[in-house]
Amino acid sequence: MLCASLDNWFPEASNHTVDEKEFIVEEWRLKERLGVDHFRLPPDFRKKGEINRYLTVPAFRFPQWHFCPRCGRMRELPLSVRGRVTCEHCKNAKEKFTVEMYQVRFIMICDHGHIHDFPWREWVHRDPSPTCGGELKLLARGGASLASIFVKCEACGKRRSLDRITLAYNDGNTHLSANLAKNHTYTCPGKMPWAGSDARTTCNRPVRGSLRNASNVYFAELRSSLYLPQSDDRDLQELIELLEQPKFTTVRALVSSGALSLEHSLNLVRESGGMALKPFSDSQLKKALKSVVIGGGEFHREANEGPVPSDSEETGYRRVEFNVLRRPLKSDQLTIRDPGLEAYEKDIQPFFSRIMLVDRLRETRALAGFTRILPE
Numbered sequence: 095m096l097c098a099s100l101d102n103w104f105p106e107a108s109n110h111t112v113d114e115k116e117f118i119v120e121e122w123r124l125k126e127r128l129g130v131d132h133f134r135l136p137p138d139f140r141k142k143g144e145i146n147r148y149l150t151v152p153a154f155r156f157p158q159w160h161f162c163p164r165c166g167r168m169r170e171l172p173l174s175v176r177g178r179v180t181c182e183h184c185k186n187a188k189e190k191f192t193v194e195m196y197q198v199r200f201i202m203i204c205d206h207g208h209i210h211d212f213p214w215r216e217w218v219h220r221d222p223s224p225t226c227g228g229e230l231k232l233l234a235r236g237g238a239s240l241a242s243i244f245v246k247c248e249a250c251g252k253r254r255s256l257d258r259i260t261l262a263y264n265d266g267n268t269h270l271s272a273n274l275a276k277n278h279t280y281t282c283p284g285k286m287p288w289a290g291s292d293a294r295t296t297c298n299r300p301v302r303g304s305l306r307n308a309s310n311v312y313f314a315e316l317r318s319s320l321y322l323p324q325s326d327d328r329d330l331q332e333l334i335e336l337l338e339q340p341k342f343t344t345v346r347a348l349v350s351s352g353a354l355s356l357e358h359s360l361n362l363v364r365e366s367g368g369m370a371l372k373p374f375s376d377s378q379l380k381k382a383l384k385s386v387v388i389g390g391g392e393f394h395r396e397a398n399e400g401p402v403p404s405d406s407e408e409t410g411y412r413r414v415e416f417n418v419l420r421r422p423l424k425s426d427q428l429t430i431r432d433p434g435l436e437a438y439e440k441d442i443q444p445f446f447s448r449i450m451l452v453d454r455l456r457e458t459r460a461l462a463g464f465t466r467i468l469p470e
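Each residue of the sequence shown is one higher than the one before, starting from 95 at the first, in the numbering used here.
Written out as structure tokens, the structure is:
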């Protein structure tokens, strides 16, 4: 299966209510770094409750090409097909039993992240645009190498082994692109099956064959961040954390887009927050909402902690976290304390100027993308 793109998640259904706000996670620093509005958790599956029942993570069937282990006949199926598929030929030949068809082991990938079914018809006919639409067979002679596996066209009788389809050259070209057809370089068609059967983009990169479960087919790009309070005022930080809850998502979006000013948003905020916001004044609400929407707040103790290395974005990002972790702090999301060097053995004390203990922290890890063939 191939996990569907995010625009296929959270479908509207007639038998239940979908509320995406329940799965929203706020992380102001990581949000600024990646240039996104918010983060979402994958939905959990549930059968009870008023909202978000029976939500699943959608997936497509991939590869689309299947073969019969008994007769070798191949069949291409839509991405949306579910359930087991049987070989029609073997079923007609022997009514006593059916033979299940399996997905082929080989696919095609490029270094720009595209993934495709292997070009079986193009490969066996040595033509990027074959006119022969005959039935294909995937057969094996018995051996440990790809040279022992071959595809055959029943209509024209052409056959070709899978020898060296995974080979890549030092100049970036591949055996598959260079040798699919004579006097022609076969390149990536840019298909994106995770977004649907018709999704594609211009690519034209060299492609290579691969096993569908090979380790280089998918490398996740993860970005992580430690949550840092936006204010060292405990009351204001408590209010900020309240306003980061999913029930305030609509208000934050309206203020962020400019559709609603901070002054006119206060009534809507208080309606959404109920009694939890009663102890806070309007000025505190405006200040906290501004911090949540814009980010950064007033918590900049790290500014005077020495130079921030500029050799990479990651180093600078971690330096801010490091500087905050060097001082005592107590909040619901981050608790740091200084036990004092006298709490440690005398043999250890000379080697440290300070030892900080972190009792509580929150780390957010977000999937920012993926690569194929080579990790980031």
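All C-beta atoms, glycine included, are put in the ideal place defined by N, C-alpha and C.
Quick caveat: nothing in here was measured; it's all calculated off a predicted structure.
Query	Result
A249, buried or exposed, once every other Cβ within 10 Å from all chains shown has been counted against 16	exposed
The segment 305 to 324 in contact with the segment 345 to 362 per 3-pair CB rule at 8 Å	no
Alpha-carbon spacing of D327 relative to K424, whole angstroms	10 Å
Proximity below 8 Å, CB of I201 to CB of F191	no
V179, DSSP secondary structure in three states	coil
Unbroken alpha helix (DSSP H) run spanning E365, endpoints	L356 to G367
Cβ-Cβ distance between I145 and S304 below 8 Å	no
Given 8 Å, three or more beta-carbon pairs between the segment 267 to 276 and the segment 288 to 295	no
Short Cβ contact (8 Å threshold) for V363 with L379	yes
Buried versus exposed call for R448 [16 or more other C-beta atoms within 10 Å across all chains shown]	exposed
The alpha helix (DSSP H) enclosing K125, as first and last residue numbers	W122 to L128
Enclosing alpha helix (DSSP H) for I145 [first to last residue]	Taken as a continuous stretch (DSSP letters only), I145 belongs to no alpha helix (DSSP H), as it is neither H nor E.
Residue nearest to T465 in terms of C-alpha spacing, selected from L270, K185, G237 and H208	H208
Segments assigned alpha helix (DSSP H), at least 4 residues, entirely inside the segment 204 to 269	214 to 219
For R258, the nearest candidate out of R299, P373, C165 and L270 (CA to CA)	L270
Buried versus exposed, by CB contacts within 10 Å (16 or more), M195	buried
Option nearest V245 by Cα separation, candidates E216, D205 and A238	E216
Close-in-space but distant-in-sequence residues of the same chain around L124 (CB under 7 Å, 5 per side omitted)	R317, S319, T458 and A460
Bridge-paired residues (DSSP) for G303	M202
Residue ranges of each alpha helix (DSSP H) within the segment 294 to 348, 4 or longer	328 to 337
Sequence-distant residues of its chain with Cβ nearer than 6 Å to R395 (five each side left out)	Low confidence applies to R395: its pLDDT is 42, below 50, so where it sits in the model is not reliable, and the reading given next is rough at best. Counting only Cβ-Cβ distances below 6 Å, and skipping sequence neighbours, we find nothing.
Distance CB(V198)-CB(L232) smaller than 8 Å	yes
A382 burial status per 10 Å Cβ neighbour count (16 or more: buried)	buried
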